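Asker: Heads up: the sequence shown begins at 1 in UniProt numbering, then just goes up one per residue. Built from N, CA and C at the ideal position, the CB exists for glycine as well. None of the values given here were measured: they were computed from a predicted structure.
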Amino acid sequence: MSQNPLDSLNEIKSMMQRTTKFTSISGWSGIWVGTVGLIAAAIAYFIILESKLNLYSLQPDNRRDLLLVVLALITLLIACLGGFYFMIKKSKNDQVKFINPTTKRILKRFIFVLVIGGFLCLALYKHLSFVYIAPATLLFYGMALLNVERDTVVEIKYLAYTEIFLGLLAFLFIANGLAFWSLGFGLVHIIFGVWMVRKYDYKV
Numbered sequence: 001m002s003q004n005p006l007d008s009l010n011e012i013k014s015m016m017q018r019t020t021k022f023t024s025i026s027g028w029s030g031i032w033v034g035t036v037g038l039i040a041a042a043i044a045y046f047i048i049l050e051s052k053l054n055l056y057s058l059q060p061d062n063r064r065d066l067l068l069v070v071l072a073l074i075t076l077l078i079a080c081l082g083g084f085y086f087m088i089k090k091s092k093n094d095q096v097k098f099i100n101p102t103t104k105r106i107l108k109r110f111i112f113v114l115v116i117g118g119f120l121c122l123a124l125y126k127h128l129s130f131v132y133i134a135p136a137t138l139l140f141y142g143m144a145l146l147n148v149e150r151d152t153v154v155e156i157k158y159l160a161y162t163e164i165f166l167g168l169l170a171f172l173f174i175a176n177g178l179a180f181w182s183l184g185f186g187l188v189h190i191i192f193g194v195w196m197v198r199k200y201d202y203k204v
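1) With a threshold of 8 Å, are at least 3 pairs of Cβ atoms found where one atom belongs to the stretch 114–133 and the other to the stretch 76–85?
2) Just to confirm the assignment, what range does the alpha helix (DSSP H) spanning H189 have?
3) Could you compute how far the alpha carbon of L187 sits from the alpha carbon of T35?
4) Does DSSP put T102 in a helix, a strand or coil?
5) Quick one: what's got a C-beta closer than 7 Å to L68's C-beta in the same chain, skipping five residues either side?
6) Mapping DSSP to helix, strand and coil, what is T152?
7) Do the CB positions of L138 and A160 come within less than 7 Å of each other?
8) Which first and last residues belong to the alpha helix (DSSP H) in which S24 is found?
9) Can you have a look at H127 and say buried or exposed, based on whether 16 or more other CB atoms are within 10 angstroms of its CB?
10) Would you be able to state if there are at least three C-beta pairs under 8 Å between the stretch 147–155 and the stretch 91–111?
11) Determine the contact status of D94 and S24, defining contact as a CB-CB distance below 7 Å.
12) Considering A179, what are the terminal residues of the alpha helix (DSSP H) in which it resides?
13) Excluding the five sequence neighbours on either side, which residues of its own chain have a C-beta within less than 8 Å of the C-beta of F180, listed in chain order?
14) Within its chain, find whatever has a CB closer than 6 Å to the CB of V197; leave out the 5 residues flanking it on each side and keep chain order.
15) Check whether the Cβ atoms of G142 and I31 sit closer than 7 Å, and answer yes or no.
16) In whole angstroms, what separates the C-alpha of L38 from that of L71?
17) Extract the residue ranges of the alpha helix (DSSP H) inside the stretch 109–153, only unbroken runs of 4 or more that lie entirely within it.
Set out below in structure tokens:
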């Protein structure tokens, strides 16, 4: 503990935050997720283009739909694996446990909202309402982030508001759903990640 009262106070504050909040959000996770999102969006665009059907058509296309579902699952898996890798790495650098009561609480709250959104997207898919899936994923992802913002770094709140705003815009401009999805899950995450790297974790 430092002899300087101000330094000692900052150290105590930092220790309290580590025990009550999940602070090992790595900016590299955001950059990774954003990059994967942009690549997935580009692949999805070419799948739709190759099928010679409009994404927002009610006409079913089993091959196209299967490819898009497989792409979504692979994208989710790769994004999560990379994101968790960088967060675990930052936890080790910060000398804190990655799995702790705070982490478990965050995961429960985050996954709860995502599961609800996932069921809604499945219902939209079943009823051929493909046009609403991209906006719905943005909206529920933003709400999931907002549901955990009190237990992590303050910047997550701004990411949550941005994703919710983009989701609402995507509902208003429904024909541009894939573009908004690319912006929300791609570019916004990269910008957020760079901001977090510059602020917190150059050393990761």
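Answerer: Inspection of the coordinates gives the following:
1) no
2) DSSP places H189 inside the alpha helix (DSSP H), whose first and last residues are 188–199.
3) 8 Å
4) helix
5) A44, I47
6) strand
7) no
8) That residue, S24, is in no alpha helix (DSSP H); it is neither H nor E in DSSP.
9) exposed
10) Contact holds: three or more Cβ-Cβ distances are below 8 Å.
11) Yes; because the gap between Cβ atoms is below 7 Å, this pair is in contact.
12) 177–182 is the extent of the alpha helix (DSSP H) around A179.
13) A134, P135, L138, L166, G167, L169, A170, F173
14) G27
15) no
16) 12 Å
17) 133–148
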